[in-house]
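Number of protein chains: 2
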Amino acid sequence: MDEITILQAEVLKVLASPRRLEILHRLAEGSVEVGRLATEIGASQPNVSQHLAVMRTAGIVESERDGREVRYRLTDPDVIRACDVMRRVLERRFARLGELSSATTPAPSVSPRRATPSRPVALVRS
Amino acid sequence: MDEITILQAEVLKVLASPRRLEILHRLAEGSVEVGRLATEIGASQPNVSQHLAVMRTAGIVESERDGREVRYRLTDPDVIRACDVMRRVLERRFARLGELSSATTPAPSVSPRRATPSRPVALVRS
DNA sequence: GGCACTCATGCGCACATGCGCATACGAGCG
DNA sequence: CGCTCGTATGCGCATGTGCGCATGAGTGCC
């Protein structure tokens, strides 16, 4: 198994959380303190602190003391950019699903008998 | 919480596995049957089948019967491309870490007292 | 020094996940 | 039909994760 693959899986694992994505989304707009962040996203302070600790360990965010507060910011915009690329892809797919269901369902001309039984449920809100 | 964010987290969760990344890496080179895939990556057949089922549910791969066998292929190269963007970023960071540790450690000129205590362990094989 | 504030950490619980294993399903073939 | 091959599924266990909650640690102010 490739080293990079394992590393990538670990980073992806850290990113695979709505809360953390929300936090990253906020951090993309600039550095912010823990408490403020917790208030903004409507989560408890310990919860946010834990998520930040996880992401800091993974090298995704950095922390810096500012008086009594601790400000967090993105370590490297590149990872987040890659994340945003994926996000845009999903938005496109999501939008396409929307227009498909709103259309008259133009009955796929040739349907060469796929083995895939079910529509990807994850794309319609699982 | 944004809909897309939740969706993205789910997709990321599916991707956050070394095995699945390995499978996707293989599928990027073309469609392949389950058994062959299991042999190539050195995993059990049920295990591979389960991973494929998860990824199919997430809409990342598609399956197609071919005689007795079932061939899997990527649904949309775009998601994998986004994944590869991240991979390349990580490779770059990894390589940089390597040259840093092999260099004479040029003693950071100004070290403005960060609150971040530890190096990102995830980048040095956690 | 004592207090108030901000953040980090430890604990316990509920829940999800991955794996091996055995086995069921489904298609071709004789 | 019955057999074999390829794939999917169910089960049980060990392990990991997120959350609330209470509490500890560090900092600034009086």
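Sequence order for the protein chains is S and C.
Following our numbering from start to finish, the first sequence increments by one per residue and tops out at 126.
Following our numbering from start to finish, the second sequence increments by one per residue and tops out at 1126.
Glycine included, C-beta positions come from ideal geometry on N, C-alpha and C.
Assigned exposure category for GLN1008 (chain C) - 16 Cβ within 10 Å defines buried: buried
Inter-residue spacing [alpha-carbon to alpha-carbon] between PRO18 (chain S) and GLY35 (chain S): 19 Å
Proximal residues of chain S, C-beta to C-beta of PRO1046 (chain C) below 8 Å: Simply none; closest approach about 18 Å.
Between the CA atoms of SER63 (chain S) and HIS1051 (chain C) - distance to the nearest angstrom: 36 Å
Within-8 Å CB hit, GLY1031 (chain C) to chain S: It is Ser, not Gly, that sits at residue 1031 (chain C) in the sequence shown. No, its Cβ sits nowhere closer than 8 Å to a Cβ of chain S.
Contact list for GLN1008 (chain C) against chain S, beta-carbon separation under 7 Å: LEU21, MET86, ARG87, LEU90
Cβ-based neighbour list, PRO73 (chain S), same chain, cut-off 7 Å, excluding 5 preceding and 5 following: The residue you asked about is not Pro; residue 73 (chain S) is Arg in the sequence shown. The answer, listed in chain order, is LEU27, SER31, VAL61, GLU62.
Where the alpha helix (DSSP H) containing ARG68 (chain S) begins and where it ends: Counting along the chain, ARG68 (chain S) falls outside any alpha helix (DSSP H), and DSSP gives it neither H nor E.
Terminal residues of the alpha helix (DSSP H) in which SER31 (chain S) lies: Here SER31 (chain S) belongs to no alpha helix (DSSP H), and DSSP marks it neither H nor E.
Supposed close pair THR1005 (chain C), LEU21 (chain S) - CB separation, criterion 8 Å: 5 Å
Cβ-Cβ distance between GLU1033 (chain C) and GLU1069 (chain C) below 8 Å: yes
Proximity of ALA1016 (chain C) and VAL85 (chain S) at Cβ, strictly below 8 Å: no
Amino acids of chain S, ordered along the chain, whose beta-carbon sits closer than 7 Å to that of LEU1015 (chain C): LEU12
Residues of its chain near GLY1054 (chain C), where Cβ-Cβ distance is below 7 Å and the 5 sequence neighbours each way are ignored: The question names Gly, but residue 1054 (chain C) is Val in the sequence shown. Taken in chain order, the residues that qualify are VAL1014.
Status (buried if at least 16 other CB within 10 Å, exposed otherwise) for GLU99 (chain S): exposed
Start-to-end residues for the alpha helix (DSSP H) that takes in ILE1060 (chain C): That residue, ILE1060 (chain C), is in no alpha helix (DSSP H); it is neither H nor E in DSSP.
Alpha-carbon to alpha-carbon, LEU24 (chain S) and ILE80 (chain S): 8 Å
Best match in S:ILE41, S:MET1, S:LEU97, S:ARG56 for proximity to THR75 (chain S) [C-alpha to C-alpha]: S:ARG56
THR5 (chain S) at chain C interface by Cβ criterion, 8 Å: yes
For MET1001 (chain C), three-class secondary structure by DSSP: coil
Spatially closest choice to PRO1077 (chain C) from S:ASP66, S:PRO77, S:VAL89, S:GLN45, by CA coordinates: S:VAL89
Rounded C-alpha distance that separates LEU1037 (chain C) from GLY1067 (chain C): 17 Å
Chain-order list of residues whose beta-carbon lies under 7 Å from that of GLN45 (chain S) (same chain, five-residue window excluded): VAL34, GLY35, ALA38
Inter-residue Cα distance where the pair is ALA43 (chain S) and GLY1042 (chain C): 42 Å
As assigned by DSSP and simplified to three states, the class of ILE6 (chain S): helix
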